[in-house]
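Okay, so here's the structure we're looking at.
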């Protein structure tokens, strides 16, 4: 079964807010000068911010904010966030891989940005109601 | 410079307790756009059976990233943090983190491998309450990029 696609917009302001809330102040997430100096195409989103947005998609699908039992991702490609008001978009899809007898649902999740996969082997196990 | 592979299996001493605040959970939830009332309103969280507001699933990283400095900054291990990129991340929950939790982290080095000039450091952080109740196990794979 395929779940409804969810789309998240990410701007520089979001990265600054996430840096403050998470305590991850690595300048690759807010400073173009620094990011390009270390060989990145520009300022990139925190991998953990992308993972958090995908987590929102997962809890929305599960129908409960506390449903996640297990959640893992591999960061394959950076999410480049341009210095404008539009930012970029992360598109999240998932399919149900398995529903267990214990009431757990295992999801295979994909997240893409500009048509490129930014996470691979993203999987979540959620407790499903009923 | 390569990592000292003899560190595989090493367990570090427990970190000082981290007090999970209601406002911190609200701030983190707001930063990721998580608007579900259970992240913000204690009453909504209680309706789900929790004592106080519930943290979003990736919230523990705010605690474990700070705790893992124990490993990253261990001079004997030799991680060059300027060359580190985040490879994998996993959370395995016993129960969600809620406001009021007092959490202790125990860092373990699970694996160190070298491949293609890069090094891969897998850490596990066991997060439990000061009372010893397990809450979440957190794995991170860090890639230390080779110099070229």
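Protein chains in written order, with the UniProt record's numbering: chain C, 1 to 130; chain G, 1 to 148. Think of the CB as a built atom: it goes at the ideal place given N, C-alpha and C, for glycine as much as any other residue.
Of all Cβ atoms in chain C, is any one closer than 7 Å to the Cβ of residue i?
i: residue 90(G); result: yes
i: residue 5(G); result: no
i: residue 81(G); result: no
i: residue 67(G); result: no
i: residue 54(G); result: yes
i: residue 135(G); result: no
i: residue 76(G); result: no
i: residue 96(G); result: yes
Could you confirm whether any beta carbon from chain G is found closer than 7 Å to the beta carbon of residue i?
i: residue 72(C); result: yes
i: residue 52(C); result: yes
i: residue 62(C); result: no
i: residue 87(C); result: no
i: residue 17(C); result: yes
i: residue 75(C); result: yes
i: residue 134(C); result: Absent from the structure is residue 134(C), since the part of chain C shown begins at 1 and ends at 130.
i: residue 41(C); result: no
i: residue 48(C); result: yes
Enumerate in chain order the residues of its own chain whose CB-to-CB distance from residue i is below 8 Å, with the five nearest sequence positions on each side excluded.
i: residue 34(C); result: 27 and 28
i: residue 130(G); result: 17, 102, 103 and 104
Tell me the DSSP bridge mates of residue i?
i: residue 117(C); result: 112(C)
i: residue 139(G); result: 90(G) and 124(G)
i: residue 18(G); result: 103(G)
i: residue 118(G); result: 115(G)
i: residue 85(C); result: In the DSSP output, where bridge partners are listed per residue, residue 85(C) has none listed.
i: residue 7(C); result: 91(C)
i: residue 219(C); result: This structure cannot settle anything about residue 219(C), because the visible part of chain C is limited to 1 through 130.
i: residue 44(C); result: 80(C)
For residue i and residue j, which I take to be in contact (beta-carbon distance under 8 Å), what is that distance rounded to the nearest angstrom?
i: residue 112(G); j: residue 7(G); result: 6 Å
i: residue 88(C); j: residue 95(C); result: Actually they are not in contact, since the Cβ atoms of residue 88(C) and residue 95(C) sit about 24 Å apart, beyond 8 Å.
i: residue 84(C); j: residue 54(G); result: About 34 Å; that fails the 8 Å criterion.
i: residue 69(C); j: residue 109(C); result: Wrong, their Cβ atoms sit about 14 Å apart, outside the cutoff.
i: residue 135(G); j: residue 144(G); result: Not quite, the Cβ-Cβ distance comes to about 29 Å (not below 8 Å), so this is no contact.
i: residue 34(G); j: residue 14(G); result: Between residue 14(G) and residue 34(G) the Cβ distance is about 29 Å, and since that is not below 8 Å, they are no contact.
i: residue 43(C); j: residue 91(C); result: Not really, about 20 Å apart at Cβ, beyond 8 Å.
i: residue 58(C); j: residue 107(C); result: 6 Å
i: residue 97(G); j: residue 20(G); result: 6 Å
With a CB to CB cut of under 6 Å and the five nearest residues on each side skipped, what residues in its chain are close to residue i?
i: residue 74(C); result: 120 and 121
i: residue 18(G); result: 63 and 103
i: residue 116(C); result: 77
i: residue 106(G); result: 14 and 126
In its own chain, which residues sit with a C-beta less than 7 Å from the C-beta of residue i, not counting the 5 before and 5 after it?
i: residue 51(C); result: 73
i: residue 122(G); result: 110, 111, 139 and 141
i: residue 4(G); result: 76, 77 and 78
i: residue 40(C); result: 28 and 78
i: residue 32(G); result: 56
i: residue 87(G); result: 120, 141, 142 and 143
i: residue 25(C); result: 19
i: residue 97(C); result: 106, 107 and 108
i: residue 25(G); result: 39, 53, 55, 59 and 99
i: residue 1(C); result: 95 and 96
i: residue 95(G); result: 135
Quiz item: In chain order, what residues of the stretch 8-34 of chain G put their CB closer than 9 Å to some CB of chain C?
Solution: 24, 27, 28, 29, 30, 31, 32, 33 and 34
Practice problem: Give the residues from the stretch 36-52 of chain G that approach chain C closer than 8 Å (Cβ to any Cβ), ordered along the chain. | Solution: Flagged, chain order: 36, 38, 39, 48 and 50.
Self-check item: Proximal residues, the stretch 87-109 of chain C versus chain G, C-beta separation under 7 Å
Solution: none
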